[in-house]
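Before any comments, here is the structure.
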Amino acid sequence: MSAQRLSHVLLPAFVLLGYLACGPAHAQSQHIRGTVTAATDHDITVETRGGKSVAVPTTDKTNYFVVEKGTLGDVKAGKFVGITSVNRNGKQVAEEIHVFADSLRGLGEGHYPWDRDQEANMMTNANIAKVDPGSGGDMLKLDYKGGEQTISVPPDVAVVTFDKGNRTDLTSGRHVFVVMGKDDANKSAAAVVVGADGITPPM
Numbered sequence: 001m002s003a004q005r006l007s008h009v010l011l012p013a014f015v016l017l018g019y020l021a022c023g024p025a026h027a028q029s030q031h032i033r034g035t036v037t038a039a040t041d042h043d044i045t046v047e048t049r050g051g052k053s054v055a056v057p058t059t060d061k062t063n064y065f066v067v068e069k070g071t072l073g074d075v076k077a078g079k080f081v082g083i084t085s086v087n088r089n090g091k092q093v094a095e096e097i098h099v100f101a102d103s104l105r106g107l108g109e110g111h112y113p114w115d116r117d118q119e120a121n122m123m124t125n126a127n128i129a130k131v132d133p134g135s136g137g138d139m140l141k142l143d144y145k146g147g148e149q150t151i152s153v154p155p156d157v158a159v160v161t162f163d164k165g166n167r168t169d170l171t172s173g174r175h176v177f178v179v180m181g182k183d184d185a186n187k188s189a190a191a192v193v194v195g196a197d198g199i200t201p202p203m
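Quick note on numbering: the numbering used here labels position 82 of the sequence shown as 82, and the sequence is numbered without any gaps.
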């Protein structure tokens, strides 16, 4: 990736993922999950998982990302990942893992409440400091600015790779995860995560 393109990726990405580190109630209102039914130059139409059709305005500042199917082999020490986890008997257990491209290292870094399910869950975006193999799954030691976490990884956990995309990835029938902006006066998508090849962004 050229230095010029890298600068275009990193600067807006770091700004927009600040939207993700918010309380669960606020996060719930800011995220749209569903399937693209139409896309124009100015907005996209998403059919939500509940069957509602939602018009999502976009701007030239909207960022696009693509997730593709990954494997546990992608989850290794030194990688920057995003993990949604739930508490099981006093320990955090991963429900999904996003393995970020190296150019997106630091995106949304931290440990904060998430809104993937009705059950309380957390998002941890961090560097994998160590992988401890075990008979029931790996244990990941994670470091992020201001803290660290240990998360258990079941063998059947969902794994995807996460990279920069573009608007042409928005085709009808693809599954998306939309992060809406905070500006109530001009509500538009800050980011759209698109699932490639039939993948549903597990967010």
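In this text, a Cβ means the ideal position worked out from N, Cα and C, and glycines have one as well. Remember, predicted model here, so these are calculated numbers, not experimental data.
Grab me the residues of residue i's own chain with a C-beta within less than 8 Å of its C-beta, minus the 5 sequence neighbours each way, in chain order.
| i | result |
| --- | --- |
| Ala-158 | Glu-95, Glu-96, Ile-97 and Pro-202 |
| Thr-45 | Val-36, Thr-37, Ala-38, Ala-39, Ser-53, Val-54, Ala-55 and Val-56 |
| Arg-174 | Thr-35, Val-36, Val-194, Gly-195 and Ala-196 |
| Ala-101 | Thr-161, Phe-162, Asp-163 and Lys-164 |
| Ser-172 | Val-36, Thr-37, Ala-38 and Ala-39 |
| Arg-49 | Arg-33 and Gly-34 |
Compare the Cα-Cα distances from residue i to each of the options and report the closest residue.
| i | options | result |
| --- | --- | --- |
| Asp-156 | Thr-171, Asp-138, Asp-169 and Asn-127 | Asp-138 |
| Thr-37 | Val-178, Leu-170, Glu-68 and Val-192 | Leu-170 |
| Asn-166 | Met-122, Thr-62 and Gly-82 | Thr-62 |
| Gly-106 | Tyr-112, Lys-145 and Ala-190 | Lys-145 |
| Tyr-64 | Asp-197, Thr-200, Gly-198 and Ala-191 | Ala-191 |
| Val-194 | Leu-142, Lys-69, Gly-51 and Gly-50 | Lys-69 |
| Val-99 | Val-56, Val-93, Pro-113 and Asp-74 | Asp-74 |
| Asp-132 | Leu-140, Ala-126 and Asn-125 | Leu-140 |
| Ala-129 | Pro-113, Gln-149 and Met-123 | Gln-149 |
Alpha carbon to alpha carbon, how far is residue j from residue i? Give it in angstroms, no decimals.
| i | j | result |
| --- | --- | --- |
| Gly-147 | Leu-104 | 20 Å |
| Asp-117 | Arg-88 | 15 Å |
| Thr-71 | Phe-162 | 12 Å |
| Asp-143 | Thr-200 | 27 Å |
| Ser-53 | Thr-168 | 21 Å |
| His-111 | Lys-76 | 19 Å |
| Met-180 | Thr-59 | 11 Å |
| Lys-164 | Lys-91 | 32 Å |
| Gly-134 | Asp-41 | 49 Å |
| Ile-83 | Glu-109 | 11 Å |
| Pro-113 | Thr-124 | 9 Å |
| Gly-78 | Gly-198 | 28 Å |
Using C-beta distances below 6 Å, list every residue in its chain close to residue i, excluding the 5 sequence neighbours before and after it, in chain order.
| i | result |
| --- | --- |
| Pro-205 | Look at the range of the chain in this structure, 1 to 203, and you will see that residue 205 is not part of it. |
| Ala-154 | The amino acid at residue 154 is misidentified as Ala; the sequence shows Pro. Around Pro-154: Gly-137. |
| Phe-177 | Arg-33, Val-193, Pro-201 and Met-203 |
| Asn-127 | Phe-80 and Asp-143 |
| Glu-47 | Gly-34, Thr-35, Thr-37 and Ser-53 |
Identify, in the order they occur along the chain, each residue of the same chain with its Cβ nearer than 7 Å to the Cβ of residue i, setting aside the five sequence neighbours on each side.
| i | result |
| --- | --- |
| Glu-119 | Val-86 |
Below 8 Å on the Cβ atoms is my guess for residue i versus residue j; work out the distance and round it to an integer in Å.
| i | j | result |
| --- | --- | --- |
| Val-93 | Ser-152 | 5 Å |
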